[in-house]
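Engineer: Chains as they are written, first to last, in the working numbering: chain E, 3 to 427; chain U, 2 to 400.
Glycine is no exception: its CB is placed at the ideal position from the N, C-alpha and C atoms.
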Amino acid sequence: MSENYTDHMGRPIVVVTGMGVVTSLGKGKKENWEKLTAGQSGIRRISRFPVDGLATTIAGTVDIIEEGEESAPTISYAMANATAGEALEEAGFGTDGFPGPLFFAAPPVELEWQHRFALLDEMPGKEPNYDTLLEAARSSDHSRMHHLVQLGTIAFKIAEKYKTQGLPISLSTACASGATAIQQGMEAIRRGETGAALCVASDGSVTAEGLIRFSLLSALTTNNEDPSKASRPFSKDRDGFVMSEGSAALVLESLEHAINRGAKILGVVQGVGEKADSFHRTRSSPDGKPVITAIKQALEDAGLETGDIDYINAHGTSTPENDRMEYNSLKNVFGEAIHEVPISSNKSMIGHTLTAGGAVEAVFSFLTMSEGLIPPTINYETPDPDIPLDVVPNVARKAEVSTVLSNSFGFGGQNAVLVFARDPA
Amino acid sequence: MNDSKNEVWITGVGVISCFGEGIAPHWETLGAETAPEPVIDAERFAPYAVHPLPEMDWTRQMPRKDMRQMETWQRLGTYAAGLALEDAGMKEDEELVSTMDLVVCAGGGERDISVDESILAEARGRNDREMLLNEKLPYDLRPTLFLAQLSNLMAGNISIVHKVTGSSRTYMGEESSGITALQNAAARIAAGQSTHLLVGGAYNAERVDLLLSCDLGHYLAKDGVKPVAERQKDGGGTVLGSAGAFLVLESAEHAKKRGAKPYARLAGIESGLGSRDNQETRERLDGIMERLGVSPSSTTAVLSGATGCADVTDLEFEALRRRLGMDVAIRSYTTMIGNPIEANFPFGVALGAAALKNKSFYPSFEEAEKPVKVPPTTVVVSTVGHYLGEGMALLEQIA
Numbered sequence: 003m004s005e006n007y008t009d010h011m012g013r014p015i016v017v018v019t020g021m022g023v024v025t026s027l028g029k030g031k032k033e034n035w036e037k038l039t040a041g042q043s044g045i046r047r048i049s050r051f052p053v054d055g056l057a058t059t060i061a062g063t064v065d066i067i068e069e070g071e072e073s074a075p076t077i078s079y080a081m082a083n084a085t086a087g088e089a090l091e092e093a094g095f096g097t098d099g100f101p102g103p104l105f106f107a108a109p110p111v112e113l114e115w116q117h118r119f120a121l122l123d124e125m126p127g128k129e130p131n132y133d134t135l136l137e138a139a140r141s142s143d144h145s146r147m148h149h150l151v152q153l154g155t156i157a158f159k160i161a162e163k164y165k166t167q168g169l170p171i172s173l174s175t176a177c178a179s180g181a182t183a184i185q186q187g188m189e190a191i192r193r194g195e196t197g198a199a200l201c202v203a204s205d206g207s208v209t210a211e212g213l214i215r216f217s218l219l220s221a222l223t224t225n226n227e228d229p230s231k232a233s234r235p236f237s238k239d240r241d242g243f244v245m246s247e248g249s250a251a252l253v254l255e256s257l258e259h260a261i262n263r264g265a266k267i268l269g270v271v272q273g274v275g276e277k278a279d280s281f282h283r284t285r286s287s288p289d290g291k292p293v294i295t296a297i298k299q300a301l302e303d304a305g306l307e308t309g310d311i312d313y314i315n316a317h318g319t320s321t322p323e324n325d326r327m328e329y330n331s332l333k334n335v336f337g338e339a340i341h342e343v344p345i346s347s348n349k350s351m352i353g354h355t356l357t358a359g360g361a362v363e364a365v366f367s368f369l370t371m372s373e374g375l376i377p378p379t380i381n382y383e384t385p386d387p388d389i390p391l392d393v394v395p396n397v398a399r400k401a402e403v404s405t406v407l408s409n410s411f412g413f414g415g416q417n418a419v420l421v422f423a424r425d426p427a
Numbered sequence: 002m003n004d005s006k007n008e009v010w011i012t013g014v015g016v017i018s019c020f021g022e023g024i025a026p027h028w029e030t031l032g033a034e035t036a037p038e039p040v041i042d043a044e045r046f047a048p049y050a051v052h053p054l055p056e057m058d059w060t061r062q063m064p065r066k067d068m069r070q071m072e073t074w075q076r077l078g079t080y081a082a083g084l085a086l087e088d089a090g091m092k093e094d095e096e097l098v099s100t101m102d103l104v105v106c107a108g109g110g111e112r113d114i115s116v117d118e119s120i121l122a123e124a125r126g127r128n129d130r131e132m133l134l135n136e137k138l139p140y141d142l143r144p145t146l147f148l149a150q151l152s153n154l155m156a157g158n159i160s161i162v163h164k165v166t167g168s169s170r171t172y173m174g175e176e177s178s179g180i181t182a183l184q185n186a187a188a189r190i191a192a193g194q195s196t197h198l199l200v201g202g203a204y205n206a207e208r209v210d211l212l213l214s215c216d217l218g219h220y221l222a223k224d225g226v227k228p229v230a231e232r233q234k235d236g237g238g239t240v241l242g243s244a245g246a247f248l249v250l251e252s253a254e255h256a257k258k259r260g261a262k263p264y265a266r267l268a269g270i271e272s273g274l275g276s277r278d279n280q281e282t283r284e285r286l287d288g289i290m291e292r293l294g295v296s297p298s299s300t301t302a303v304l305s306g307a308t309g310c311a312d313v314t315d316l317e318f319e320a321l322r323r324r325l326g327m328d329v330a331i332r333s334y335t336t337m338i339g340n341p342i343e344a345n346f347p348f349g350v351a352l353g354a355a356a357l358k359n360k361s362f363y364p365s366f367e368e369a370e371k372p373v374k375v376p377p378t379t380v381v382v383s384t385v386g387h388y389l390g391e392g393m394a395l396l397e398q399i400a
């Protein structure tokens with residue numbers, strides 16, 4: 003292995019050679035990037051199901067199902083299929099198959115109410131309970147429904163369709179899952195297990211019950227009046243996140259693998275940091291230590307100092323607690339210099355794409371570097387004096403960006419931080 | 002990179018099944034000269050049988066306040082994780098657990114059956130069922146139930162209760178999640194990306210919602226009291242079992258440095274995915290064993306997590322015998338503890354580790370299983386998922 007192909011620790015350099023993205027802004031990198039940098043919001047009134055009586059009535063839904071069943075697994079699969087296809091096409095892998103494994107950040111899927119009701123209706127006159135649903139299950143074949151609600155199915159189908167190698171990996175680290183998928187692909191390449199990895203994340207779980215569950219945890223904004231104004235990360239009047247759908251896919255390769263096949267290099271996944279938090283199921287340690295540790299580890303892993311970071315792609319959910327905690331942790335690591343580093347939250351426009359967030363924001367981070375344009379934090383009208391960051395307010399900004407730090411945090415004490423670079427060092 | 006690989010040792014095991022808790026009692030019961038009668042409850046969920054949990058005193062591994070935040074599935078995992086840490090001599094060793102990586106294989110958590118059934122009851126007479134959900138769910142769902150349902154919250158609870166806070170990753174995908182969890186965990190230790198980690202999962206079979214999601218595809222046995230191989234004659238099917246299995250894996254160097262005694266060496270894990278067409282499945286299983294480098298030997302035995310599902314269980318046994326010889330001792334531990342889906346593979350590895358440490362093997366769990374001639378020094382653990390995905394592990398005795 004030539005020295006030029008390894009990083010500061012002698013590990014294979016990991017590059018990106020293909021990307022795909024779907025969000026509430028649209029399908030594909032082009033449409034997403036145009037709208038994102040124009041400061042457009044993808045958040046809208048929910049039309050998929052009635053919202054009467056619900057505390058939150060808005061979301062960043064993706065209407066991708068043209069015919070057939072609309073459910074979390076079918077939407078998540080359709081989006082993952084679109085982004086994996088886009089990424090593989092850009093990377094130049096044909097239909098012969100992909101020479102590496104699939105790492106898939108999988109949304110939580112289970113039997114939905116439409117399925118329970120359908121089973122119930124197969125058994126008229128029977129007691130309305132699970133025994134009856136089980137009787138319906140026994141009475142005729144529901145294999146399609148079975149496959150739909152198994153947690154491994156979406157990855158199995160993507161692996162089959164794009165002919166990735168071996169047993170696909172379905173993973174979840176809650177709202178850090180997208181970052182974890184990239185991390186796992188990177189680690190596999192660094193171990194020398196594979197020259198390439200397909201990392202996909204997808205989440206299409208805006209159902210009534212999904213929305214209500216987050217609502218009951220007081221995690222969602224109730225700022226329903228103007229959907230496009232609801233997500234306001236780092237603003238004083240932020241009051242929760244907007245639940246959204248989306249997917250992203252990234253083709254990772256070792257630099258050597260990419261160069262040998264003449265692939266165009268879109269950027270480098272240079273470092274990763276991860277630290278679990280044992281403080282609480284939904285809240286971060288008050289001292290921010292796990293997040294601080296993850297950020298420091300990511301920088302060290304990338305061989306960079308805080309001064310080397312040109313831009314921060316924030317987790318920035320727009321909940322009162324997250325944004326304050328994220329600022330405090332960044333300030334602990336960067337010191338006063340944090341106030342000079344541009345930082346923005348894509349979630350101000352696309353909402354929180356949950357399982358997909360880290361991967362969607364990774365794609366936008368690479369576009370930020372290649373296009374020299376930082377997407378704004380929109381709805382920034384009332385700055386929070388306790389968070390005096392340069393959030394690139396409301397309007398995109400032209401800038402030379404060669405390194406990005408991207409944060410992802412999730413329920414269950416999940417913290418993953420990625421460092422990206424435009425060019426191989 | 003092969004020359005610089007670290008050996009992966011199993012240095013702690015924590016299991017719970019219908020036979021009780023702890024690996025030593027499991028070995029005593031299941032490793033006795035004659036096999037015990039499996040514990041099966043064929044009444045509660047008839048026509049389905051399940052291997053039920055033993056009576057548990059959860060507070061032995063978790064504070065009451067944390068216990069109340071979890072449903073059975075998460076408690077099982079948190080409890081088994083605590084047993085494994087204890088067994089490895091790591092429990093409450095802050096330095097070790099705060100740098101320990103956590104790898105969990107998980108499904109989804111439990112639903113509130115009474116809320117679901119009350120909605121089903123009202124739904125009968127209504128055409129506006131979506132409105133019904135909006136009327137009921139915001140008031141009837143317990144807010145914290147969501148946290149008991151998220152796949153990665155078993156890991157979250159293990160971090161909270163046992164302070165395992167290096168990194169935390171959760172894998173999904175039914176039986177195959179156990180395979181990817183262990184495969185990834187072992188690879189990280191071998192490559193030096195982790196020095197010590199806790200890996201495993203748990204499954205609560207005593208839930209109508211999970212029975213339903215399995216039997217939608219007609220995967221459950223209708224006569225679940227027969228052993229796995231015997232069941233094949235009557236159409237097969239899987240019998241779910243409540244169980245938890247966690248392992249502490251360490252690099253040999255890390256284990257030696259702290260004077261830890263290993264159970265066994267985890268020498269390799271291989272896996273595959275593809276169509277369940279007979280010929281393709283045969284080729285894949287052959288390929289897995291080829292890559293694992295196993296060959297016929299009187300000192301190799303097999304622990305199979307055979308689901309019991311018709312066709313695929315026969316294909317698994319055939320493949321094992323084709324590669325390892327017609328007389329190879331195969332023990333379907335699922336006959337004894339049921340199929341704990343995500344925990345299926347880790348449980349098999351736990352049983353294999355116990356056998357190698359005790360330099361003996363398990364008796365036949367049913368008539369069709371061949372006896373061992375000499376105690377095995379190598380154990381193959383095989384899991385072929387009820388629906389998709391398959392993998393095998395190679396465990397070796399450490400002299």
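Which residues of the segment 249-260 of chain E have a Cβ closer than 9 Å to any Cβ of chain U? Give them in chain order.
Structural biologist: none
Engineer: Is there a Cβ of chain E sitting closer than 8 Å to that of Tyr80(U), yes or no?
Structural biologist: The count along the second sequence starts at 1 and reaches residue 80(U) at position 79. At a cut-off of 8 Å between beta-carbon atoms, Tyr80(U) makes no contact with chain E.
Engineer: How about Asp216(U): is its C-beta nearer than 8 Å to some C-beta of chain E?
Structural biologist: The count along the second sequence starts at 1 and reaches residue 216(U) at position 215. Taking Cβ atoms only, chain E reaches closer than 8 Å to Asp216(U), which makes this a yes.
Engineer: Taking CB distances under 8 Å as the criterion, tell me whether His219(U) reaches chain E.
Structural biologist: The sequence position of residue 219(U) within the second sequence is 218, counting from 1. At least one CB atom of chain E sits nearer than 8 Å to the CB of His219(U).
Engineer: Please report the distance separating the alpha-carbon of Gln299(E) from that of Val53(E).
Structural biologist: Counting from 1 along the first sequence, the entry for residue 299(E) is found at position 297. Counting from 1 along the first sequence, the entry for residue 53(E) is found at position 51. Approximately 43 Å, taken between the alpha carbons.
Engineer: Give me the subset of the segment 160-184 of chain E whose CB atoms are less than 7 Å from a CB atom of chain U, sorted by chain position.
Structural biologist: Ala161, Gly168, Leu169, Pro170, Ile171, Ser172, Leu173, Ser174, Thr175, Ala176 and Thr182
Engineer: Helix, strand or coil: how does DSSP classify Phe428(E) here?
Structural biologist: This structure leaves residue 428(E) out entirely; chain E is present only between 3 and 427.
Engineer: Name the chain E residues whose beta carbon is nearer than 9 Å to that of Lys234(U)?
Structural biologist: In the second sequence, the residue the question calls residue 234(U) occupies position 233. Going along chain E, no residue has its Cβ under 9 Å from Lys234(U), so there is no contact; the nearest lies around 20 Å.
Engineer: Output yes if chain E places a C-beta closer than 8 Å to the C-beta of Arg170(U); else output no.
Structural biologist: In the second sequence, counting from the first residue as 1, residue 170(U) sits at position 169. Closer than 8 Å: yes.
Engineer: Under 8 Å, Cβ to Cβ, is there at least one residue of chain U near Thr223(E)?
Structural biologist: Here residue 223(E) refers to the residue found at position 221 when the first sequence is read from its first residue. Judged by the 8 Å Cβ criterion, Thr223(E) is not in contact with chain U.
Engineer: Exposed or buried, Gly114(U), counting other C-beta atoms within 10 Å across all chains shown (16 or more means buried)?
Structural biologist: For this step, residue 114(U) is matched to residue 113 along the second sequence. A quick correction: the sequence has Ile, not Gly, at residue 114(U). Result: exposed.
Engineer: Determine the burial state of Ala210(E): buried for a count of at least 16 other Cβ atoms within 10 Å of its Cβ, exposed for fewer.
Structural biologist: The residue labelled residue 210(E) in the question sits at position 208 within the first sequence. So Ala210(E) counts as buried.
Engineer: How is the alpha helix (DSSP H) around Gly189(E) delimited, first residue to last?
Structural biologist: Residue mapping note: residue 189(E) aligns to position 187 of the first sequence, counting from 1. For the sequence presented, residue 189(E) should be read as Glu rather than Gly. Per DSSP, Glu189(E) belongs to the alpha helix (DSSP H) from Ser179 to Arg192.
Engineer: Quick check on DSSP: helix, strand or coil for Val419(E)?
Structural biologist: Position 417 of the first sequence, counted from the first residue, corresponds to residue 419(E). Under the three-state reduction of DSSP, Val419(E) is assigned to strand.
Engineer: Could you check which residue in His219(U), Ile120(U) and Thr79(U) has the C-alpha nearest to that of Pro236(U)?
Structural biologist: Working through the second sequence from its first residue, we reach residue 236(U) at position 235. Before going further, note that residue 236(U) is Gly rather than Pro in the sequence given. Gly236(U) has its Cα closest to that of His219(U), out of His219(U), Ile120(U) and Thr79(U).
Engineer: So with CB distances below 7 Å, who are the chain E contacts of Glu175(U)?
Structural biologist: Taking the second sequence and counting its residues from 1, the one referred to as residue 175(U) is at position 174. Here the neighbours are Gln152, Leu153 and Gly154.
Engineer: Ends of the beta strand (DSSP E) at His219(U)?
Structural biologist: Counting from 1 along the second sequence, the entry for residue 219(U) is found at position 218. First-last for His219(U): undefined, no H or E at that position.
Engineer: Assess, as a yes-or-no matter, whether the segment 376-392 of chain E is touched by the segment 275-285 of chain E under the definition of 3 or more beta carbon pairs within less than 8 Å.
Structural biologist: At 8 Å Cβ cutoff, the stretches do not touch.
Engineer: On the DSSP bridge assignment, give the partners of Lys405(E) in chain order.
Structural biologist: For the purposes of this step, residue 405(E) is taken as the residue at position 403 of the first sequence. Checking the sequence, you will find Thr at residue 405(E) rather than Lys. BP columns for Thr405(E) point to Ala423(E).
Engineer: Quick check on Gly275(U): does DSSP put it in helix, strand or coil?
Structural biologist: Within the second sequence, residue 275(U) is the residue found at index 274, counting from 1. DSSP places Gly275(U) in coil when its eight states are reduced to three.
Engineer: Can you name the residues of chain U whose CB is closer than 7 Å to the CB of Met147(E)?
Structural biologist: Locating residue 147(E) in the first sequence gives position 145, where the first residue counts as 1. Here the neighbours are Leu217.
Engineer: Short of 7 Å in beta carbon distance, which residues of its chain neighbour Arg208(U), apart from the five on each side in sequence? Order them along the chain.
Structural biologist: Mapped onto the second sequence, residue 208(U) falls at position 207. Excluding sequence neighbours, Arg208(U) sits near Glu111.
Engineer: Assuming Ser305(U) is part of the beta strand (DSSP E), what are its boundary residues?
Structural biologist: Your numbering for residue 305(U) matches position 304 in the second sequence. Taken as a continuous stretch (DSSP letters only), the beta strand (DSSP E) holding Ser305(U) covers Thr301 to Ser305.
Engineer: Give me the DSSP bridge partner(s) of Ala265(U).
Structural biologist: For the purposes of this step, residue 265(U) is taken as the residue at position 264 of the second sequence. Ile11(U).
Engineer: According to DSSP, is Glu22(U) part of a helix, a strand, or is it coil?
Structural biologist: Numbered from 1 along the second sequence, position 21 holds the residue referred to as residue 22(U). Glu22(U) falls in the strand class under three-state DSSP.
Engineer: Counting along the chain, where does the alpha helix (DSSP H) carrying Phe147(U) start and finish?
Structural biologist: Within the second sequence, the letter at position 146 stands for residue 147(U). From DSSP, the alpha helix (DSSP H) with Phe147(U) extends over Leu146 to Gln150.
Engineer: Could you give the distance in angstroms between the alpha-carbon of Ile380(E) and the alpha-carbon of Ser320(E)?
Structural biologist: The residue you call residue 380(E) lines up with position 378 of the first sequence. The residue you call residue 320(E) lines up with position 318 of the first sequence. Note on geometry: alpha-carbon atoms of Ile380(E) and Ser320(E) lie some 11 Å from one another.
Engineer: Exposed or buried, Asn83(E), counting other C-beta atoms within 10 Å across all chains shown (16 or more means buried)?
Structural biologist: Position 81 of the first sequence, counted from the first residue, corresponds to residue 83(E). For Asn83(E), the number of other beta carbons within 10 angstroms of its own is at least 16, and it is reported as buried.
Engineer: Within 10 angstroms of the Cβ of Asp1(E), are there 16 or more other Cβ atoms? Answer buried if so, exposed if not.
Structural biologist: Nothing in the structure corresponds to residue 1(E), since chain E is present only between 3 and 427.
Engineer: Can you tell which of Gly23(U), Asp88(U) and Gln70(U) has the C-alpha that lies nearest to the C-alpha of Met409(U)?
Structural biologist: Given that chain U is displayed from residue 2 to residue 400, the structure contains no residue 409(U) and the question cannot be resolved.
Engineer: So is Ala47(U) buried or exposed if we call it buried at 16+ other beta carbons inside 10 Å?
Structural biologist: The count along the second sequence starts at 1 and reaches residue 47(U) at position 46. It is exposed - the Cβ of Ala47(U) has fewer than 16 other Cβ atoms within 10 Å.
Engineer: Does DSSP put Asp205(E) in a helix, in a strand, or in coil?
Structural biologist: Here residue 205(E) is taken as the residue at index 203 of the first sequence, counted from 1. Three-state DSSP puts Asp205(E) in a strand.
Engineer: May I ask you to list, following chain order, the residues of the segment 255-289 of chain E that have a beta carbon less than 9 Å from some beta carbon of chain U?
Structural biologist: Glu276, Lys277, Ala278, Asp279, Ser280, Phe281, His282, Arg283 and Thr284
Engineer: Cβ of Asp94(U) less than 8 Å from any chain E Cβ?
Structural biologist: Position 93 of the second sequence, counted from the first residue, corresponds to residue 94(U). For Asp94(U), the closest Cβ of chain E is not nearer than 8 Å.
Engineer: What's the gap between the Cα of Ala268(U) and the Cα of Lys262(U)?
Structural biologist: In the second sequence, the residue the question calls residue 268(U) occupies position 267. In the second sequence, the residue the question calls residue 262(U) occupies position 261. Within the model, the alpha-carbon separation for Ala268(U) versus Lys262(U) is close to 17 Å.
Engineer: Please identify, using Cβ separations under 9 Å, the residues of the segment 25-47 of chain E that lie next to chain U, in order along the chain.
Structural biologist: none
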